[in-house]
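Trainee: Just so you know, we're using the working numbering here: the sequence shown kicks off at 6 and counts up by one.
My questions all concern the structure below.
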Amino acid sequence: MFNIINIGIAFLMLMFCNQKNNQKTMLEPQVKQTDTTIVDFWNGNRSEIRKDYECEVLNAILTATVLEFGLFKIEESVTEYPGLEESDVFSKRQHHLFVTVAGNQKFNPGDFIMIAQPIARNLLGYRIPIIKTTDMNKFHSTVSLSQLQQLKNGVPVSWSDATIFRHNRYNVAEEGDFDDVFERLADGKFDYTCFGANEVRSVFKSRASKYKTLTQDENTMFFYPFPLVFYVNPQMPDLAKRIEFGLSKITESGVLDTIFNSYYANIVEELGLQNRNVILLENPLIPQEFSHLKPNLTDF
Numbered sequence: 006m007f008n009i010i011n012i013g014i015a016f017l018m019l020m021f022c023n024q025k026n027n028q029k030t031m032l033e034p035q036v037k038q039t040d041t042t043i044v045d046f047w048n049g050n051r052s053e054i055r056k057d058y059e060c061e062v063l064n065a066i067l068t069a070t071v072l073e074f075g076l077f078k079i080e081e082s083v084t085e086y087p088g089l090e091e092s093d094v095f096s097k098r099q100h101h102l103f104v105t106v107a108g109n110q111k112f113n114p115g116d117f118i119m120i121a122q123p124i125a126r127n128l129l130g131y132r133i134p135i136i137k138t139t140d141m142n143k144f145h146s147t148v149s150l151s152q153l154q155q156l157k158n159g160v161p162v163s164w165s166d167a168t169i170f171r172h173n174r175y176n177v178a179e180e181g182d183f184d185d186v187f188e189r190l191a192d193g194k195f196d197y198t199c200f201g202a203n204e205v206r207s208v209f210k211s212r213a214s215k216y217k218t219l220t221q222d223e224n225t226m227f228f229y230p231f232p233l234v235f236y237v238n239p240q241m242p243d244l245a246k247r248i249e250f251g252l253s254k255i256t257e258s259g260v261l262d263t264i265f266n267s268y269y270a271n272i273v274e275e276l277g278l279q280n281r282n283v284i285l286l287e288n289p290l291i292p293q294e295f296s297h298l299k300p301n302l303t304d305f
């Protein structure tokens, strides 16, 4: 009996160590190790906070579906694919899935399987300007819509934001990439650039703050439907089924809310969203199922 008890304790300790030391591999005793599925998750071309959040959501989804679909191991790639190269994520790079905005203009119908369940409550669609400190008066609440439209919005090449702002008759400078957008802003190449409420603080701290002439605007916020969803390789319908099923499970169980709140529980107060002048824009790229999305700070 003593040996049986010790063996049982040793087994539990081994399971605990596996979970601690192999963070992205979930091992359940009910499923054989040989059933492990490799999930190639592309997580590049985004801010650090988005990388962390989106990987954590994926891990929760796959964990919630181990009994139904088997063990998994996430192989995360953070390779940067500039400009239109992102469209090769599936066709040439052979990644299995990634998170992007619904209606990503770099992809044609049939190039992906979209899981039509937002993973971050459209928080990316609340767009906060980063501006030059000397230009704060240009974004005051008394500034007219026509005046805002004349200001130049700096957008990295091929980002959907450029299409959205142009559609709404805003002046857009579409050039460069994520790595140099703040240098160009500081050099006066344009008047502002926008990032979602889910990442603007992180982006400013890690990239923009080294330019002492830049700041986060505190008065204005653009809004358009811009939900983050999973795109799955069209050659992997079984993985798409697993993601859809798992996302529904963690939504119903409250796990997705727990993850969201661990990142964004105080986002409304921290960014003063309730006090901003909200400018509504149409998103001509948005799939029909998301066109109803409107500003609603009670979501957070």
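For glycine and all other residues, C-beta sits at the position ideal for the given N, C-alpha and C.
For A178, which three-state DSSP category applies?
Mentor: Along the sequence shown, one-based indexing puts residue 178 at 173. Residue state, collapsed to three classes: strand.
Trainee: Give me the Cβ distance between I43 and K97, rounded to the nearest whole Å; I'm assuming they're in contact under 8 Å.
Mentor: Here residue 43 refers to the residue found at position 38 of the sequence shown. Here residue 97 refers to the residue found at position 92 of the sequence shown. Their Cβ separation, rounded to whole angstroms, is 19 Å, which puts I43 and K97 out of contact at 8 Å.
Trainee: In terms of residues, what are the limits of the beta strand (DSSP E) holding Y197?
Mentor: Within the sequence shown, numbered from 1, the residue matching residue 197 stands at position 192. Residues Y197 to G201.
Trainee: State the beta-bridge partners of I79 as determined by DSSP.
Mentor: Residue 79 sits at position 74 when you count from the first residue of the sequence shown. For I79, which the question treats as bridged, DSSP gives the partners V44.
Trainee: For S82 versus G49, is the C-beta spacing smaller than 8 Å?
Mentor: As a first step, residue 82 is located in the sequence shown; it is residue number 77 there, counting from the start. As a first step, residue 49 is located in the sequence shown; it is residue number 44 there, counting from the start. Taking 8 Å as the Cβ cut-off, S82 and G49 qualify as a contacting pair.
Trainee: Which residues in the same chain as E179 place their Cβ atom closer than 7 Å to its Cβ, once the five residues preceding and following it in sequence are excluded?
Mentor: For this step, residue 179 is matched to residue 174 along the sequence shown. Closer than 7 Å at Cβ, skipping near neighbours: V160, V162 and A167.
Trainee: Could you tell me whether the Cβ atoms of I54 and L252 are closer together than 8 Å?
Mentor: In the sequence shown, residue 54 corresponds to position 49, counting from 1. In the sequence shown, residue 252 corresponds to position 247, counting from 1. Not closer than 8 Å, so no.
Trainee: Take the Cβ of R174 as the centre, count every other Cβ of all protein chains shown within 10 Å, and call the residue buried at 16 or more, exposed below.
Mentor: Locating residue 174 in the sequence shown gives position 169, where the first residue counts as 1. Looking at its Cβ environment, which holds fewer than 16 other Cβ atoms inside 10 Å, R174 is exposed.
Trainee: At which residues does the beta strand (DSSP E) containing K137 begin and terminate?
Mentor: The count along the sequence shown starts at 1 and reaches residue 137 at position 132. Unbroken beta strand (DSSP E) run through K137: Y131 to K137.
Trainee: Would you mind stating whether G130 and P289 have Cβ atoms separated by less than 8 Å?
Mentor: Looking up residue 130 in the sequence shown gives position 125. Looking up residue 289 in the sequence shown gives position 284. No. Outside cutoff.
Trainee: Only counting the same chain, and skipping five residues up and downstream in sequence, which positions put a Cβ closer than 6 Å to that of K157?
Mentor: Residue numbering aside, residue 157 sits at position 152 when the sequence shown is read from its first letter. Once the five neighbours on either side are set aside, the close Cβ partners of K157 are N176, A178, F195 and D196.
Trainee: Give the straight-line distance between the Cα atoms of C199 and D40, rounded to the nearest whole angstrom.
Mentor: Position 194 of the sequence shown holds residue 199. Position 35 of the sequence shown holds residue 40. Whole-angstrom Cα-Cα distance: 44 Å.
Trainee: Less than 6 Å between C-beta atoms, sequence neighbours within five positions excluded: which residues of the same chain meet that for L298?
Mentor: Here the question's residue 298 lines up with position 293 in the sequence shown. Here the set comprises N127 and P230.
Trainee: What residue ranges within the stretch 106–171 form continuous beta strand (DSSP E) runs of no fewer than 3 residues, ordered along the chain?
Mentor: The qualifying runs are 118–120, 131–137 and 157–160.
Trainee: Looking at the secondary structure, which residues open and close the alpha helix (DSSP H) in which T68 lies?
Mentor: For the purposes of this step, residue 68 is taken as residue 63 along the sequence shown, with counting starting at 1. Unbroken alpha helix (DSSP H) run through T68: E53 to A69.
Trainee: May I ask you to report which of helix, strand or coil DSSP gives Y269?
Mentor: Here residue 269 refers to the residue found at position 264 when the sequence shown is read from its first residue. The answer is helix: DSSP assigns Y269 an H, G or I state.
Trainee: Taking C-alpha atoms, which residue in R171, Q99, E223 and S52 lies nearest to R281?
Mentor: Translated into positions along the sequence shown, residue 281 becomes position 276. Nearest C-alpha to R281: E223.
Trainee: What are the boundary residues of the beta strand (DSSP E) that includes T256?
Mentor: Here residue 256 corresponds to residue number 251 of the sequence shown, with the count starting at 1. That residue, T256, is in no beta strand (DSSP E); its alpha helix (DSSP H) goes P242 to S258.
Trainee: Let me make sure I understand the geometry here. Which of V234, Q279 and R247 has the alpha-carbon closest to that of I291?
Mentor: In the sequence shown, residue 291 corresponds to position 286, counting from 1. Ranking the options by Cα distance to I291, first place goes to V234.
Trainee: Please name the residue in V94, H101, S92 and T70 whose C-alpha comes closest to that of E80.
Mentor: Taking the first residue of the sequence shown as 1, we reach residue 80 at position 75. Comparing Cα positions, the closest option is H101.
Trainee: Within the continuous beta strand (DSSP E) that includes L219, where are the two ends?
Mentor: Taking the sequence shown and counting its residues from 1, the one referred to as residue 219 is at position 214. Where L219 is concerned, the enclosing beta strand (DSSP E) stretches over L219 to Q221.
Trainee: With 16 as the cutoff for other CB atoms within 10 Å, does E257 come out buried or exposed?
Mentor: Translated into the one-based positions of the sequence shown, residue 257 becomes position 252. By the neighbour-count rule (16 or more Cβ atoms within 10 Å), E257 is not buried but exposed.
Trainee: Within 10 angstroms of the Cβ of S211, are there 16 or more other Cβ atoms? Answer buried if so, exposed if not.
Mentor: Numbered from its first residue, the sequence shown carries residue 211 at position 206. S211 comes out exposed.
Trainee: Give the secondary structure of N280 by DSSP, where H, G and I count as helix, E and B as strand, and everything else as coil.
Mentor: Your numbering for residue 280 matches position 275 in the sequence shown. In the structure shown, N280 sits in a helix (DSSP, three-state: H, G or I).
Trainee: In the DSSP assignment, find the unbroken beta strand (DSSP E) run with L233 in it and report its ends.
Mentor: Locating residue 233 in the sequence shown gives position 228, counting from the first residue. Unbroken beta strand (DSSP E) run through L233: L233 to V237.
Trainee: Mind checking which residues open and close the alpha helix (DSSP H) that includes F95?
Mentor: The residue labelled residue 95 in the question sits at position 90 within the sequence shown. Note, F95: alpha helix (DSSP H), D93 to S96.
Trainee: Could you name the residues that DSSP lists as bridge partners for T225?
Mentor: Counting from one through the sequence shown, the residue named residue 225 turns up at place 220. Per DSSP, N282.
Trainee: Would you mind reading off the limits of the alpha helix (DSSP H) that contains D209?
Mentor: As a position in the sequence shown, residue 209 is number 204, starting the count at 1. Rather than Asp, the amino acid found at residue 209 in this sequence is Phe. From DSSP, F209 is part of no alpha helix (DSSP H); its letter is neither H nor E.
Trainee: Just curious, the alpha helix (DSSP H) that F187 is in, first and last residue?
Mentor: To locate residue 187, count along the sequence shown from 1; it is residue 182. Where F187 is concerned, the enclosing alpha helix (DSSP H) stretches over V186 to A191.
Trainee: Let me make sure I understand the geometry here. Which of T105, L276 and A69 has the alpha-carbon closest to that of F237?
Mentor: Sequence index remark: in the sequence shown, residue 237 carries index 232 (1-based). Note that residue 237 corresponds to Val in the displayed sequence, not to Phe. For the residues T105, L276 and A69, the minimum Cα distance to V237 belongs to T105.
Trainee: Rounded to whole angstroms, what is the Cα-Cα separation between W47 and V94?
Mentor: The residue given as residue 47 occupies position 42 in the sequence shown. The residue given as residue 94 occupies position 89 in the sequence shown. In a straight line, the C-alpha of W47 is about 8 Å away from that of V94.
Trainee: Just tell me which of F305, L286 and A245 has its CA closest to the CA of L261.
Mentor: To locate residue 261, count along the sequence shown from 1; it is residue 256. Closest option to L261, Cα to Cα, is F305.
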